[in-house]
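K.L.:
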Amino acid sequence: MFWKHTRWAFFWALLIAILCGIPGRDIPHISFLEMLAFDKWVHAGVFFVLVILLARGLIIQNKFAFARKHGKLIALSCCVVYGGILELLQGAIFVERSADIYDFIANSFGAVSAFLLFNFLVAKIRFLHLNSNHG
Numbered sequence: 008m009f010w011k012h013t014r015w016a017f018f019w020a021l022l023i024a025i026l027c028g029i030p031g032r033d034i035p036h037i038s039f040l041e042m043l044a045f046d047k048w049v050h051a052g053v054f055f056v057l058v059i060l061l062a063r064g065l066i067i068q069n070k071f072a073f074a075r076k077h078g079k080l081i082a083l084s085c086c087v088v089y090g091g092i093l094e095l096l097q098g099a100i101f102v103e104r105s106a107d108i109y110d111f112i113a114n115s116f117g118a119v120s121a122f123l124l125f126n127f128l129v130a131k132i133r134f135l136h137l138n139s140n141h142g
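Residue 132 in the numbering used here sits at position 125 of the sequence shown, and the numbers go up by one each step.
1) Take isoleucine 92 as the anchor and find which of Ala74, His77, Ile23 and His12 has the nearest alpha-carbon.
2) Spatial neighbours of leucine 61 within its chain, please: CB distance less than 7 Å, with the 5 preceding and 5 following residues excluded, ordered by chain position.
3) Measure the CB-CB distance between isoleucine 66 and glycine 78 and report whether it falls below 8 Å.
4) So the alpha helix (DSSP H) leucine 128 belongs to, where does it begin and stop?
5) Can you tell me which of the three DSSP states asparagine 69 falls into?
6) Can you give, in chain order, each stretch of the alpha helix (DSSP H) that sits fully within the region 51 to 105 and has at least 4 residues?
7) Assuming glycine 98 and phenylalanine 111 are in contact, meaning their beta carbons sit under 8 Å apart, how far apart are those beta carbons, in whole angstroms?
8) Given a cut-off of 8 Å, decide if alanine 51 and glutamate 106 are closer than it, judged by their beta-carbon atoms.
Structure, rendered in structure tokens:
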């Protein structure tokens, strides 16, 4: 049941890694988007989605009680660390890529934003049906 509930988070994380590994020459250069810090919003957005997917999956799975109880914090921690690792890989391994502290900050901003929103939704709205065993 763990994989059933967390698979979308892992697929999303794989997609993020693939996109972060695209060589720099293959990424379009559009100056007006750079002025709006478009890539930073993309970083924040993909990590926002990753935290939501992982937190929900961890909370509704039944295999690991600790992960179920602390799923939101585990998701946040894992995603911030994952964002940092990807930035280090961009600086050390990925072709024509470089590590960028501002990308890491954007990743973390998206992750923390999702964590805060998820906590609000779970505490106040309860429409996510996190206590159900179906997903």
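C-beta: ideal position from N, C-alpha, C; glycine also.
P.N.:
Result, derived from the coordinates:
1) Relative to isoleucine 92, the option among Ala74, His77, Ile23 and His12 whose CA is nearest is Ile23.
2) Thr13, Ala16, Ala82, Cys85 and Cys86.
3) Contact flag set, yes.
4) That residue, leucine 128, is in no alpha helix (DSSP H); it is neither H nor E in DSSP.
5) Assigned with DSSP and collapsed to three states, asparagine 69 falls in coil, not helix or strand.
6) With a minimum length of 4 residues, the continuous alpha helix (DSSP H) runs that stay inside the region 51 to 105 are 72 to 76 and 78 to 99.
7) About 11 Å; that fails the 8 Å criterion.
8) Residue identity check: residue 106 is alanine in the sequence provided, not glutamate. No, the Cβ-Cβ distance between alanine 106 and alanine 51 is not below 8 Å.
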